Amino acid sequence: MNKIIEKKQLSENVFMMKLEAPLIARARRPGQFIILMVEEEFGERIPLTISDADPEEGWIQIIFQTVGATTMKLSAKDVGDSIAAVLGPLGRPTSIRGLNGEKPGRVVCVGGGIGVAPMYPIAQALKAAGNDLTIIMGARSKELFVMLDEMRALAGDKLILMTDDGSAGRKGVVTVPLKELCEKGEVDEVITIGPPIMMKFTALTTKPFGVKTVASLNTIMIDGTGMCGGCRVTVGGKTRFVCVDGPEFDAHEVDWDVMFKRMGTFKPEEAEAKEHVCRSGIFGKGVSK
Amino acid sequence: MTPKERMAIPPQEMPQQEPAVRAHNMKEVALGYTREQAMKEASRCLNCPTKPCMQGCPVAINIPGFLAKASEGDFAGALSIIKETSLLPAVCGRVCPQEKQCQKFCTMGKILKDINKAVAIGRVERFCADLARETGAEPAVERAPRSGRKIAVIGSGPASITCAADCAKAGHDVTMFEAFHKCGGVLVFGIPEFRLPKTIVQHEVDNLKKLGVRIETNYCVGRTRKVSELVKEDGFDAVFVGTGAGLPKFMNIDGENLSGVFSANEYLTRANLMKAYWEGKADTPFWHGRKVAVLGGGNVAMDASRMALRLGAEKVYLIYRRSEVEMPARIEEIHHAKEEGVEFRTLQNAKRILGDDTGKVCAIECLKYELGEPDASGRRSPVEIPGSEFTLDVDTVVVAVGNASNPLIPATTDGLEVNKRGNIVVDPETNMSSIPGVFAGGDIVLGAATVILAMGEGRRAAKGINEYLRSK
Chain A
1 MNKIIEKKQL
11 SENVFMMKLE
21 APLIARARRP
31 GQFIILMVEE
41 EFGERIPLTI
51 SDADPEEGWI
61 QIIFQTVGAT
71 TMKLSAKDVG
81 DSIAAVLGPL
91 GRPTSIRGLN
101 GEKPGRVVCV
111 GGGIGVAPMY
121 PIAQALKAAG
131 NDLTIIMGAR
141 SKELFVMLDE
151 MRALAGDKLI
161 LMTDDGSAGR
171 KGVVTVPLKE
181 LCEKGEVDEV
191 ITIGPPIMMK
201 FTALTTKPFG
211 VKTVASLNTI
221 MIDGTGMCGG
231 CRVTVGGKTR
241 FVCVDGPEFD
251 AHEVDWDVMF
261 KRMGTFKPEE
271 AEAKEHVCRS
281 GIFGKGVSK
Chain B
1001 MTPKERMAIP
1011 PQEMPQQEPA
1021 VRAHNMKEVA
1031 LGYTREQAMK
1041 EASRCLNCPT
1051 KPCMQGCPVA
1061 INIPGFLAKA
1071 SEGDFAGALS
1081 IIKETSLLPA
1091 VCGRVCPQEK
1101 QCQKFCTMGK
1111 ILKDINKAVA
1121 IGRVERFCAD
1131 LARETGAEPA
1141 VERAPRSGRK
1151 IAVIGSGPAS
1161 ITCAADCAKA
1171 GHDVTMFEAF
1181 HKCGGVLVFG
1191 IPEFRLPKTI
1201 VQHEVDNLKK
1211 LGVRIETNYC
1221 VGRTRKVSEL
1231 VKEDGFDAVF
1241 VGTGAGLPKF
1251 MNIDGENLSG
1261 VFSANEYLTR
1271 ANLMKAYWEG
1281 KADTPFWHGR
1291 KVAVLGGGNV
1301 AMDASRMALR
1311 LGAEKVYLIY
1321 RRSEVEMPAR
1331 IEEIHHAKEE
1341 GVEFRTLQNA
1351 KRILGDDTGK
1361 VCAIECLKYE
1371 LGEPDASGRR
1381 SPVEIPGSEF
1391 TLDVDTVVVA
1401 VGNASNPLIP
1411 ATTDGLEVNK
1421 RGNIVVDPET
1431 NMSSIPGVFA
1441 GGDIVLGAAT
1451 VILAMGEGRR
1461 AAKGINEYLR
1471 SK
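Protein sequence lines, in the order shown, are assigned to chains A and B. Using our numbering, you'd call the opening residue of the first sequence number 1 and step up by one each time. Using our numbering, you'd call the opening residue of the second sequence number 1001 and step up by one each time.
Given below as structure tokens:
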């Protein structure tokens, strides 16, 4: 059981929570994730990223969007409530430039939507390792940005905001400024986390420039320890498991189209489950989904 | 009773649910002997002086000994004999491939020239264990005085359950770590309810708790804490790694990553552990295929095929590249699958999986095979027949071609020696790994094997741990 010690609704469908999880808070490294269950008996196991943690106070922070039954039920929990299970930290930690044998360099973090949340600990570590950091954040609209202040504190004037509607920063997609930076020859490495379509186009943008690009994938999982193979993706023509081989892979080698399709495996069920949870009354009357 | 009289007793049939009924429910298929049946079946044992059956048992249970007790109706006495060497008779009675082990060597089967007419050792074993569990008459377990030593057991499948129980009985303070939210390993995520009811596994886990074993679920050793941290910082004097063969193999054919293609582990975990069969209650989604192809010929392939039927599939093909004789599955599971309506397609193998434009499975292309010369496994090797391709319309493919060893512990434990297949290398006498104080057993050492072998390994490792601690 893990207690919720803080909760904040960041936008219509996005929530932040801090969960009591002392061992995970201590062990987690940038790039790692958790598997969470809201209820034990009939609950589902879903992977979620870690956006921050405090080993002293023993909490981890998650930022999630309501997409299916479990995230809906989680969003209905309040401070003081406990959730059934949190397993982690899972996956291989990010290989941080400057600490992995490569010299520090000019690293661009490209985050879309709530993909910015797991980018935060990675960006922190990159900066601490002496890299010259640029952060590009994309969202549909201004109010959908998460962790904006934290990212600004890390990147300063090298924070580039992109919105679909022009409500903040420049109007357009994240690949526009990324391409400009690549053209100027100012990029040694790119890390991208966000919607698969954004990561695909990030990879396509950097490929002609031969810039090393790493994508962090968040696929369907059950156990998170290599047992089920539900998370598998095709990378460089080979089947790899996101949970034990990843979650980070060479973005130029990922077969994005296969991944998109696999991510859609349970789309109809997810939509139905979300609808079902909304109608079940756990949110009380008058709360929209 | 004379041998002649014993031979005249007809083999006792196992009462079971009707195929047409059970193919649509999750309840156990084989219902178990009655008391009279168990006594009659046990009376068929000829009590051969050479005890050939014992040679076939991986843990050398005193089979004629327990059958003699059972034939007299002394089932508690029979169970005590079984428990001298086996910790999980209710499980092994159900899932052991008896026709390849004890019953293979049974003289009765040889005389009657039919292995199916050998003494049904497993069924009597199961009866003894079930009776004791259901009547609360299990033999009391003695626990040695507390040793003050701490043992970490990683994983909670059959090897770990056995090692934990034996270490606890020896007086050690045992903590079992499980990454899932429930204990039992393959017994709860893999083997379906209709073959091994979860209550039986839970009962064994409860027995561990009674022995004082502490259980930490949702704890992934290697990630939450490393093995070295358990030893150096958390004060564990010895560690047992029983993490199993949990890394599903795929066929490496085109289309294997389409939506609707699952490893048997994923398919069965959704259905079993996550209870996806409980529609409307379970949050875990399930892929309700109408036409399902299952690839493989082992117990897991049988489980997946039969699970597909229970979850509403209209047609289930079991595709296996050798012939039925070479199938590694238990004979009983093969019979049950056929009775329930699984269509066996032997000497055929998947060549590629075809998808529609949304990335979902729509068909499977197969090749026909014939049997050639025996291969390294001693079985006749399947040889493809060129140009024999044909297609089956399916919307689901379940790959059940085995598991490789799970890489998590080896990858996060410095100095732990593994072989080229990723199995942990251990001393065959003590099950100690290349790291002093770190032991391993079960499928993580053997590669994918059986429950009873895993149990035997757990027991040997516990002995190894006790000796190691005495010498320290």
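Every residue, glycine too, gets a C-beta built ideally from N, C-alpha and C. Note that this is a predicted model, so its numbers are computed, not measured.
Rounded straight-line distance, which links the Cα of residue j to that of residue i
i, j, result
"Ala1449(B)", "Asp1443(B)", "6 Å"
"Gly229(A)", "Phe1262(B)", "8 Å"
"Lys289(A)", "Lys274(A)", "With a pLDDT of 33 at Lys289(A), under the threshold of 50, the predicted position of this residue should be treated as unreliable, though the coordinate-derived value follows. The straight-line gap from Cα to Cα measures roughly 8 Å."
"Phe1180(B)", "Asn1218(B)", "5 Å"
"Arg1270(B)", "Phe1177(B)", "22 Å"
"Gln1012(B)", "Leu1453(B)", "27 Å"
"Leu1273(B)", "Glu44(A)", "10 Å"
"Gly1244(B)", "Phe209(A)", "44 Å"
"Leu1371(B)", "Asn1025(B)", "37 Å"
"Ile50(A)", "Asp81(A)", "19 Å"
"Gly194(A)", "Gly1387(B)", "46 Å"
"Asp78(A)", "Asp257(A)", "38 Å"
"Ile160(A)", "Leu133(A)", "11 Å"
"Pro1003(B)", "Asp1283(B)", "57 Å"
"Met37(A)", "Thr70(A)", "8 Å"
Closest residue to residue i among the options (Cα-Cα distance)
i, options, result
"Glu1266(B)", "Met1007(B), Asn1403(B), Arg1146(B), Tyr1033(B)", "Asn1403(B)"
"His1336(B)", "Val1445(B), Pro1010(B), Arg1006(B), Glu1028(B)", "Glu1028(B)"
"Gly166(A)", "Asp149(A), Gln65(A), Gly138(A)", "Gly138(A)"
"Ile197(A)", "Gly264(A), Ile160(A), Asp188(A)", "Gly264(A)"
"Cys1220(B)", "Gly226(A), Thr163(A), Ala155(A)", "Gly226(A)"
"Leu48(A)", "Ser82(A), Phe33(A), Arg28(A)", "Phe33(A)"
"Met1007(B)", "Cys1106(B), Ala1020(B), Gln1055(B)", "Cys1106(B)"
"Pro22(A)", "Met221(A), Trp59(A), Glu183(A), Arg28(A)", "Trp59(A)"
"Glu1373(B)", "Ser1156(B), Pro1139(B), Phe1194(B), Val1383(B)", "Val1383(B)"
"Gly1312(B)", "Glu1018(B), Arg1022(B), Pro1015(B)", "Arg1022(B)"
"Gly112(A)", "Ile222(A), His276(A), Thr239(A), Leu217(A)", "Leu217(A)"
Close Cβ partners of residue i (< 6 Å) along its chain, the five nearest in sequence each way excluded
i, result
"Leu1079(B)", "Cys1128, Ala1132"
"Gly286(A)", "Low local confidence applies: a pLDDT of 35 at Gly286(A) is under 50, so the model's placement there is unreliable, and no value is given."
"Gly236(A)", "Glu253"
"Lys3(A)", "Glu20, Ser82"
"Arg1345(B)", "Tyr1317, Ile1319"
"Glu1018(B)", "none"
"Val1(A)", "In the sequence as displayed, the identity of residue 1(A) is Met instead of Val. Excluding residues within five positions, the ones whose Cβ falls inside 6 Å are Ser82."
Own chain, CB closer than 8 Å to residue i, minus 5 neighbours either side, in chain order
i, result
"Thr1413(B)", "Gly1222, Lys1226, Val1227, Ser1228, Ile1435, Val1438"
"His252(A)", "Ala203, Thr206, Lys207, Thr213"
"Gly1359(B)", "Leu1258, Ser1259"
"Asp1393(B)", "Lys1291, Cys1362, Ala1363"
"Pro1285(B)", "Arg1270, Ala1276"
"Ala1168(B)", "Arg1143, Val1174, Leu1208, Leu1211, Gly1212, Val1213"
"Leu1031(B)", "Met1014, Pro1015, Gln1016, Gln1017"
Partner residues on chain A for residue i, Cβ-Cβ distance less than 8 Å
i, result
"Cys1220(B)", "Leu87, Gly88, Leu90, Gly224, Thr225"
"Ala1256(B)", "According to the sequence as given, residue 1256(B) is Glu; it is not Ala. Within 8 Å Cβ-Cβ: Thr239."
"Glu1266(B)", "Ile222, Cys228, Gly229, Gly230"
Residues of its chain near residue i, where Cβ-Cβ distance is below 7 Å and the 5 sequence neighbours each way are ignored
i, result
"Met1302(B)", "Ala1329, Glu1333, Ile1334, Ala1337"
"Gln9(A)", "Phe15"
"Ser1086(B)", "Val1059, Ile1061, Cys1092, Met1455"
"Gly284(A)", "Because the pLDDT at Gly284(A) is just 48, under 50, the model does not fix this residue reliably, and the value given afterwards should be weighed accordingly. Excluding residues within five positions, none has a Cβ falling inside 7 Å."
"Arg26(A)", "Pro55"
"Ile1009(B)", "Lys1040, Ser1043, Arg1044"
Under 8 Å by beta carbon: chain B residues contacting residue i
i, result
"Leu48(A)", "Here the premise fails: no neighbours, minimum Cβ distance about 14 Å."
Under 7 Å by beta carbon: chain A residues contacting residue i
i, result
"Ala1282(B)", "Phe42"
Contacts that residue i makes with chain B (C-beta to C-beta distance below 7 Å)
i, result
"Leu23(A)", "Thr1224, Arg1225"
Integer Cβ distance of residue i from residue j, believed to fall under 8 Å
i, j, result
"Ala125(A)", "Thr94(A)", "7 Å"
"Arg1352(B)", "Gly1255(B)", "5 Å"
"Pro104(A)", "Arg29(A)", "So it is not a contact: roughly 18 Å between Cβ atoms."
Distance cut-off 7 Å: residue i Cβ against heavy atoms of the ligand ZN
i, result
"Lys1232(B)", "The ligand content of the structure shown is nil, which means the ligand ZN is not present either."
Listed by chain order, chain A residues near residue i by CB distance under 9 Å
i, result
"Thr1000(B)", "Look at the range of chain B in this structure, 1001 to 1472, and you will see that residue 1000(B) is not part of it."
"Met1274(B)", "Phe42, Gly43, Glu44, Arg45, Ile222"
"Asn1406(B)", "Thr225, Gly226, Met227, Val244"
Chain-ordered chain B contacts of residue i [CB-CB under 9 Å]
i, result
"Cys66(A)", "Looking at the sequence itself, residue 66(A) is Thr, so the reference to Cys does not match. Within 9 Å Cβ-Cβ: nothing; Thr66(A) doesn't reach chain B, min ~13 Å."
"Ala27(A)", "Arg1223, Thr1224, Arg1225, Lys1226, Glu1229"
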